[in-house]
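The opening position of the sequence shown corresponds to residue 738 in this note's numbering, with each subsequent residue numbered one higher.
Beta carbons: idealized from backbone N, C-alpha and C, even for Gly.
Keep in mind that this is a model prediction, so the values were computed, not measured.
Just below is one structure, and these are the notes that go with it.
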Amino acid sequence: MYTIEPIAFVKNERNKIEDDYWGNVISEIILSDKLSEDSLKGIEEFSHVEIIFYFHLADPAAISISASHPRGNKKLPKTGIFAQRKKARPNMLGSTIVKLIKAEKNILTVSGLDAINETPVIDIKPVMREFLPEGNVIQPEWTKEIFKNYWAEKNSI
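Shown next, in the form of structure tokens:
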């Protein structure tokens with residue numbers, strides 16, 4: 738068995754699980770007291786970081802290990818859990834590349850993080866071109882439908 742402890746927690750105004758309108762959410766990633774501020778040394782030189790986090794409020798009873806309609810929309814094709822980004826997944830882990838706004842002491846301020854307040858952060862990694870995919874990213878058409886308001890600003894709709 739493996740034991741993973743959070744290295745930080747998310748602080749923002751989103752207190753409930755919502756699928757859309759993450760466009761204007763600014764979050765702070767507050768490092769655990771167990772870690773030195775030096776663990777963030779040099780991170781300010783990067784424009785983006787990847788945040789790996791735990792879906793702590795996802796219902797373990799709802800974990801999907803098979804195919805389902807994305808967001809329960811029966812107009813969309815059934816796809817397996819590993820062809821979706823839903824939170825009810827076997828290890829309940831999420832990962833998002835975010836824009837780094839500021840790094841100060843033990844706090845990172847970021848935009849583009851789709852995690853709610855008090856979400857446990859498992860890891861933080863700098864984004865480097867060498868680890869991004871080469872060429873065009875290809876995805877099914879149905880993803881446009883489910884993500885059309887995902888990064889919209891809450892008050893713009």
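Beta-ladder partner(s) of residue i, from DSSP
| i | result |
| --- | --- |
| Glu765 | Lys748, Thr846 |
| Ala801 | It is Ser, not Ala, that sits at residue 801 in the sequence shown. None; Ser801 has no bridge partner. |
| Tyr739 | For Tyr739, which the question treats as bridged, DSSP gives no partner whatsoever. |
| Leu837 | Val847 |
Reference residue i, options the options, closest by Cα
| i | options | result |
| --- | --- | --- |
| Asp756 | Glu867, Lys823, Thr846, Phe868 | Lys823 |
| Thr856 | Ile802, Glu781, Ile780, Ile788 | Ile788 |
| Ile861 | Tyr739, Met738, Val747, Thr740 | Val747 |
| Pro743 | Tyr791, Asn752, Gly872, Ile838 | Tyr791 |
| Tyr739 | Val874, Phe819, Asn828 | Asn828 |
| Pro797 | Ile818, Ile859, Ala825, Phe819 | Ala825 |
Distance between residue j and residue i (C-alpha atoms, nearest Å)
| i | j | result |
| --- | --- | --- |
| Ile883 | Gln821 | 11 Å |
| Pro870 | Ile834 | 13 Å |
| Val762 | Glu890 | 8 Å |
| Ser773 | Ala804 | 42 Å |
| Lys811 | Gly779 | 47 Å |
| Gln876 | Ser776 | 36 Å |
| Lys771 | His793 | 20 Å |
| Gly809 | Glu867 | 36 Å |
| Phe817 | Ala799 | Residue identity differs from the one stated: residue 817 is Gly in this sequence, not Phe. Whole-angstrom Cα-Cα distance: 14 Å. |
| Pro863 | Ile802 | 30 Å |
| Asn892 | Ile766 | 24 Å |
| Ile741 | Leu845 | 21 Å |
| Ile754 | Asn873 | 31 Å |
Sequence-distant residues of the same chain with beta carbon closer than 7 Å to residue i, five excluded per side
| i | result |
| --- | --- |
| Trp947 | Given that the chain is displayed from residue 738 to residue 894, the structure contains no residue 947 and the question cannot be resolved. |
| Lys836 | Ser784, His785, Val847, Ser848, Gly849 |
| Ala840 | Leu777, Ile780, Glu781 |
| Asn752 | Ile853, Asn854 |
| Ala795 | Lys824, Ala825, Met829 |
Same chain only: Cβ atoms within 6 Å of residue i, ignoring 5 sequence neighbours per side
| i | result |
| --- | --- |
| Leu768 | Ala745, Asn843 |
| Asn749 | Val762, Ser764, Asn854 |
| Phe819 | none |
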